[in-house]
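Enquirer:
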Amino acid sequence: MAKGYLALVLHAHLPYVRHPEHAYSLEERWLYEAITETYIPLIWLLERLLRDHVPFKLTVSLSPTLMSMLADDFLQHRYLAHLDKMLELGEREVRRTRDTPFHDTARMYRDRLHGARDTFVRRYDRNLVRAFKGFLESGHVEVITSAATHGYLPLMMVHGEAVRAQVETGVRTFRKHFGRNPAGLWLPECSYTAGLDEILKEYGLRYFFTDTHGLLFASHRPRFGIFAPVFCPSGVAAFGRDLESSKQVWSVQEGYPGDYNYREYYRDIGFDLDFDYIKPYIHPTGLRVNTGFKYYRITGKTNHKEPYVQEWGRNTADAHAGNFMFNREHQVHYLARVMERPPLIVAPYDAELFGHWWFEGPYWLESLMRKIAHDQDTVELITPSGYLRHFPCNQVVTPCSSSWGNKGYHEVWLNRSNDWIYRHLHWAAEQMIALAREYPQAEGVQRRALNQAARELLLAQASDWAFIMATETMVEYAVRRTKTHLLNFKGLWHQIREDRLEPYWLEELENQNNLFDDLDYSVYAGAESAISKP
Amino acid sequence: MTALIWAIAAMSVALAVGIFLLVRNKDGARQTAKPEVRKPELFDFELAREIDFPAPESPREAVVELPRKYGRDRLVLMARDPYWLYAYWEVSAARQDVFSEQFGPAAWPAFRPMLRVYDITGVDKFNGGNAQSYVDIPVSAEADSWHIEVGQADRTFCVDLGRVLPTGEFVTLLRSNVATTPRATISDRLDEEWMWLEDVYRSLTRMHTGVSSPLLIEEMRERMGVAPLGISSPEFIARREEDN
Numbered sequence: 002m003a004k005g006y007l008a009l010v011l012h013a014h015l016p017y018v019r020h021p022e023h024a025y026s027l028e029e030r031w032l033y034e035a036i037t038e039t040y041i042p043l044i045w046l047l048e049r050l051l052r053d054h055v056p057f058k059l060t061v062s063l064s065p066t067l068m069s070m071l072a073d074d075f076l077q078h079r080y081l082a083h084l085d086k087m088l089e090l091g092e093r094e095v096r097r098t099r100d101t102p103f104h105d106t107a108r109m110y111r112d113r114l115h116g117a118r119d120t121f122v123r124r125y126d127r128n129l130v131r132a133f134k135g136f137l138e139s140g141h142v143e144v145i146t147s148a149a150t151h152g153y154l155p156l157m158m159v160h161g162e163a164v165r166a167q168v169e170t171g172v173r174t175f176r177k178h179f180g181r182n183p184a185g186l187w188l189p190e191c192s193y194t195a196g197l198d199e200i201l202k203e204y205g206l207r208y209f210f211t212d213t214h215g216l217l218f219a220s221h222r223p224r225f226g227i228f229a230p231v232f233c234p235s236g237v238a239a240f241g242r243d244l245e246s247s248k249q250v251w252s253v254q255e256g257y258p259g260d261y262n263y264r265e266y267y268r269d270i271g272f273d274l275d276f277d278y279i280k281p282y283i284h285p286t287g288l289r290v291n292t293g294f295k296y297y298r299i300t301g302k303t304n305h306k307e308p309y310v311q312e313w314g315r316n317t318a319d320a321h322a323g324n325f326m327f328n329r330e331h332q333v334h335y336l337a338r339v340m341e342r343p344p345l346i347v348a349p350y351d352a353e354l355f356g357h358w359w360f361e362g363p364y365w366l367e368s369l370m371r372k373i374a375h376d377q378d379t380v381e382l383i384t385p386s387g388y389l390r391h392f393p394c395n396q397v398v399t400p401c402s403s404s405w406g407n408k409g410y411h412e413v414w415l416n417r418s419n420d421w422i423y424r425h426l427h428w429a430a431e432q433m434i435a436l437a438r439e440y441p442q443a444e445g446v447q448r449r450a451l452n453q454a455a456r457e458l459l460l461a462q463a464s465d466w467a468f469i470m471a472t473e474t475m476v477e478y479a480v481r482r483t484k485t486h487l488l489n490f491k492g493l494w495h496q497i498r499e500d501r502l503e504p505y506w507l508e509e510l511e512n513q514n515n516l517f518d519d520l521d522y523s524v525y526a527g528a529e530s531a532i533s534k535p
Numbered sequence: 024m025t026a027l028i029w030a031i032a033a034m035s036v037a038l039a040v041g042i043f044l045l046v047r048n049k050d051g052a053r054q055t056a057k058p059e060v061r062k063p064e065l066f067d068f069e070l071a072r073e074i075d076f077p078a079p080e081s082p083r084e085a086v087v088e089l090p091r092k093y094g095r096d097r098l099v100l101m102a103r104d105p106y107w108l109y110a111y112w113e114v115s116a117a118r119q120d121v122f123s124e125q126f127g128p129a130a131w132p133a134f135r136p137m138l139r140v141y142d143i144t145g146v147d148k149f150n151g152g153n154a155q156s157y158v159d160i161p162v163s164a165e166a167d168s169w170h171i172e173v174g175q176a177d178r179t180f181c182v183d184l185g186r187v188l189p190t191g192e193f194v195t196l197l198r199s200n201v202a203t204t205p206r207a208t209i210s211d212r213l214d215e216e217w218m219w220l221e222d223v224y225r226s227l228t229r230m231h232t233g234v235s236s237p238l239l240i241e242e243m244r245e246r247m248g249v250a251p252l253g254i255s256s257p258e259f260i261a262r263r264e265e266d267n
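Heads up: the protein sequence lines correspond to chains A and B, in order.
Here the first sequence is numbered in our numbering, starting from 2 and rising by one per residue.
Here the second sequence is numbered in our numbering, starting from 24 and rising by one per residue.
1. Flag this pair as touching only if the region 86-97 of chain B and the region 486-495 of chain A have three or more C-beta atom pairs under 8 Å; answer yes or no.
2. Taking just the CA atoms, how far does Ser168/B sit from Leu98/B?
3. Would you say Gln396/A faces chain B, with C-beta separation under 9 Å as the test?
4. Taking CB distances under 9 Å as the criterion, tell me whether Gln332/A reaches chain B.
5. Just by C-beta distance, which residues in the region 99-114 of chain B are closer than 8 Å to chain A?
6. Name, going along the chain, the residues of the region 199-233 of chain A whose beta-carbon falls closer than 8 Å to a beta-carbon of chain B.
7. Classify Arg30/A as helix, strand or coil using the three-state DSSP reduction.
8. Under 8 Å Cβ-Cβ, which residues of chain A neighbour Ala207/B?
9. I need the DSSP call for Tyr6/A, collapsed to helix, strand or coil.
10. At the level of alpha carbons, what is the spacing between Ala13/A and Leu188/A?
11. Between the alpha carbons of Trp466/A and Gly185/B, how many angstroms are there, rounded?
12. So, does the CB of Arg135/B fall closer than 9 Å to a CB anywhere in chain A?
13. Any beta carbon of chain A sitting closer than 9 Å to that of Pro90/B?
14. Going straight from the alpha carbon of Asp269/A to that of Gly135/A, what length do you get?
15. Which term fits Phe76/B, buried or exposed, when burial requires 16 or more other beta carbons within 10 angstroms of its beta carbon?
16. Could you say which of Tyr110/A, Ala526/A and His425/A lies nearest to Val480/A if we only look at CA atoms?
17. At a CB distance below 7 Å, what residues from the region 57-68 of chain A approach chain B? Give them in sequence order.
18. Under 8 Å, CB to CB, which of the residues in the region 217-229 of chain B have a partner in chain A?
19. What's the gap between the Cα of Arg501/A and the Cα of Glu367/A?
20. Rounding to the nearest angstrom, what Cα-Cα distance links Ser523/A and Ala435/A in this structure?
21. Determine the chain B residues that contact Ser139/A at a beta-carbon separation under 9 Å, and present them in chain order.
22. Determine, for Met340/A, whether the minimum Cβ-Cβ distance to residues of chain B falls below 9 Å.
23. For His78/A, is the classification buried or exposed, using 16 other Cβ atoms within 10 angstroms of its Cβ as the cut-off for buried?
24. On the DSSP letters alone, give me the boundaries of the beta strand (DSSP E) that Asp105/A sits inside.
25. Can you list the residues of chain A that Val158/B reaches, using a CB-CB cut of under 9 Å?
26. Quick check: what's the CA-CA separation for Asn262/A versus Tyr309/A?
27. Suppose the cutoff is 6 Å on Cβ atoms and the five residues either side in sequence are ignored; what does the same chain contact list for Gly94/B look like?
28. Taking the CB atoms as reference points, tell me whether Ala239/A and Phe209/A lie closer together than 9 Å.
29. To the nearest angstrom, how far is it from the Cα of Met495/A to the Cα of Asp142/B?
30. Terminal residues of the continuous alpha helix (DSSP H) containing Tyr423/A?
31. If you follow the alpha helix (DSSP H) that Ala202/B is part of, which residue opens it and which one closes it?
32. Using C-beta distances below 8 Å, list every residue in its chain close to Glu431/A, excluding the 5 sequence neighbours before and after it, in chain order.
33. By alpha-carbon positions, which one of Ala24/A, Ser404/A, Leu71/A and Ser26/A ends up nearest to Ile41/A?
34. I think Cys191/A touches Arg242/A, with their Cβ atoms under 8 Å apart; what is that distance to the nearest whole Å?
35. Does the beta carbon of Asn416/A come closer than 9 Å to any beta carbon on chain B?
36. Can you tell me the Cα-Cα spacing of Tyr110/A and Gln311/A, whole angstroms?
See below:
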């Protein structure tokens with residue numbers, strides 16, 4: 002039996018970026034890039050591990066907005082068009098780079114794009130959520146989800162019903178795609194505050210993750226630090242992030258992705274090549290954007306870059322996987338000596354960092370899981386549910402209010418750049434609750450209007466907008482989205498209150514912001530939920 | 024040894040708070056005006072500037088502004104971190120009228136607005152008179168929100184917005200909800216059945232030498248600058264220069 006456990010957790014999330022009102026949307030490109038560079042490579046590696054019968058365990062959180070976008074016809078259609086455009090570029094690149102040191106890399110990109118098309122169209126009939134359904138059913142991957150639009154729940158807690166609606170809508174969306182309830186919930190930004198667990202419990206959710214200090218600074222000092230979960234007073238388990246494994250992957254000094262053999266993210270032909278050549282593949286207005294064709298390795302600290310060599314990148318990723326495993330073994334050896342039960346190391350990461358940013362990341366992950374299965378017997382991979390089955394008895398404490406954002410608390414989502422949103426978000430939540438209570442049995446157009454009002458509120462609450470405002474990039478978009486959804490809410494609120502619904506406008510909103518089709522506004526009334534709980 | 028790393032963490036937070044305090048005085052008046060973020064126009068302009076090529080999409084229409092007031096009495100308190108609270112409020116015209124009836128029409132503009140921050144840690148039912156202690160913070164008449172430094176982790180607070188009469192008496196206009204600041208250290212409360220394992224905690228200090236996850240994030244910001252994909256990963260956060 003293994004001396005200790007490692008729970009690898011990937012959280013995949015993008016805000017809802019669907020803009021049928023525009024012929025071309027820069028923000029939709031976030032989704033397309035993530036599909037090509039992260040989600041499909043992740044699917045490939047999981048398929049390979051399953052094909053080779055590698056005994057692995059992985060936890061993947063798919064946010065409800067991401068699931069909704071992956072399953073959306075319109076976005077599928079647009080992604081395919083994007084992919085075909087990139088394939089066309091891929092063929093041109095293969096020709097252009099002939100007899101240069103970049104030729105092999107160009108062929109690699111073209112082949113990957115062909116592979117992506119095959120996976121997307123032929124294997125999963127354009128809906129990549131299906132791939133994850135298969136993984137879930139394999140028993141190797143625990144797929145969970147997050148709050149509906151990734152709302153920042155601690156700052157929503159003044160209206161418990163608003164939090165409940167985020168959780169319930171997330172659970173509903175998961176059930177729609179996976180036919181069962183998620184075992185746990187990824188709290189957006191790992192943000193927790195006392196009482197959230199009570200709401201999770203109502204929906205049969207058995208665990209969530211916090212940052213390191215969420216556990217270490219709990220109401221009572223946890224016996225095992227972060228190397229075992231704790232139970233909240235509600236009985237929902239909290240798993241704490243291990244700092245060392247995070248740091249190893251991402252730290253500047255010690256982190257893997259900065260290795261000189263890895264592909265350089267910031268040299269993209271979208272910016273580097275002659276304008277007339279690249280024009281058809283960037284923004285129609287001529288704005289240069291990333292294309293994903295990047296030919297250099299990091300090389301060193303200066304601007305001088307050498308051509309990328311795929312084999313070197315892979316060898317380095319293998320070495321880093323070995324190093325990561327060695328460090329976990331080392332950690333487990335030490336902890337197992339001082340603990341009377343096998344230690345658990347929880348390593349959660351944003352999925353989009355693998356592949357999109359760290360090009361070799363998915364390969365590293367695959368290599369790591371293969372090595373853990375075949376090269377040692379100190380550490381065993383596990384899911385949170387698997388751990389709780391082995392160790393159903395855990396200490397009861399109240400975790401510390403915290404997040405994984407800068408400084409560890411709520412400041413990233415509540416500071417001078419974004420504090421103004423809360424008076425509006427809270428007002429809308431309060432009014433949505435009042436509407437749900439005053440119109441409990443709405444039907445027809447009125448019911449649709451109430452559901453759409455709830456949808457607009459949920460969309461306005463996405464933690465992404467406050468985050469983007471704080472990072473000072475793409476701020477205009479985040480402000481616009483916040484205001485637009487709030488004004489849509491306010492418009493619907495007026496029309497419902499004054500009994501003068503405008504069906505055409507409602508339909509327009511339904512078409513534009515069309516996610517969560519089985520959302521039920523009555524969750525805001527605070528009554529017992531209509532969806533079944535285990 | 025464990026204490027050392029938490030002391031380092033606490034010091035860095037204290038330093039940040041100190042800097043915050045320094046700039047805060049200078050920009051106290053500004054903090055209320057700032058919600059009007061008028062960037063959409065800028066966005067349109069930037070797009071327009073690039074149009075040397077035929078643009079198939081129509082420029083995005085400007086968004087109507089959100090209301091400044093909703094006509095409801097509200098005072099909402101939120102805990103931002105172990106040392107800071109944030110409050111926003113709106114005093115309805117009706118509430119203002121009641122005040123003016125009570126104290127005369129000249130009283131509203133004349134009497135200074137004040138936030139009274141009560142420490143109600145351990146208080147079962149707060150009634151305005153049974154707080155552990157309180158601190159008064161004068162605010163400007165135009166202010167409708169405030170970042171409040173309380174400097175105390177793991178304490179429970181409630182805030183009144185009021186006006187100070189010439190006699191010095193404080194008249195409450197609105198009372199907030201209750202908010203508790205998060206803990207900033209390892210708890211002193213031990214659990215007899217689950218007595219903490221010192222060696223487990225030692226491994227944390229041995230390995231990390233005082234690096235907290237937020238510090239890790241700042242390292243990444245320096246390396247990466249702009250976040251790819253615009254994802255909200257903590258590893259990519261571009262730390263804002265503290266509130267200036």
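Glycine included, every Cβ here is placed at the ideal spot set by N, Cα and C.
Expert: Per the coordinate set shown:
1. yes
2. 9 Å
3. yes
4. yes
5. Val99, Met101, Ala102, Arg103, Asp104, Pro105, Trp107, Tyr109, Tyr111 and Glu113
6. Asp212, Thr213, His214, Leu217, Phe218, Ala219, Ser220, His221, Arg222, Pro223, Arg224, Phe225, Gly226, Ile227 and Phe228
7. helix
8. Phe218
9. strand
10. 12 Å
11. 33 Å
12. no
13. yes
14. 34 Å
15. Bear in mind that a pLDDT of 38 at Phe76/B, under 50, signals an unreliable position, so the model cannot answer this.
16. His425/A
17. none
18. Trp217, Met218, Trp219, Leu220, Asp222, Val223, Tyr224, Ser226 and Leu227
19. 57 Å
20. 10 Å
21. Here the premise fails: no neighbours, minimum Cβ distance about 27 Å.
22. yes
23. exposed
24. Premise fails: Asp105/A lies in the alpha helix (DSSP H), His104 to Arg118, not in any beta strand (DSSP E).
25. Within 9 Å Cβ-Cβ: nothing; Val158/B doesn't reach chain A, min ~21 Å.
26. 7 Å
27. Ser115
28. yes
29. It should be noted that the sequence gives His, not Met, for residue 495/A. Roughly 39 Å separates the two Cα atoms.
30. Ile422 to Glu439
31. Premise fails: Ala202/B lies in the beta strand (DSSP E), Phe193 to Thr203, not in any alpha helix (DSSP H).
32. His160
33. Leu71/A
34. 7 Å
35. yes
36. 11 Å
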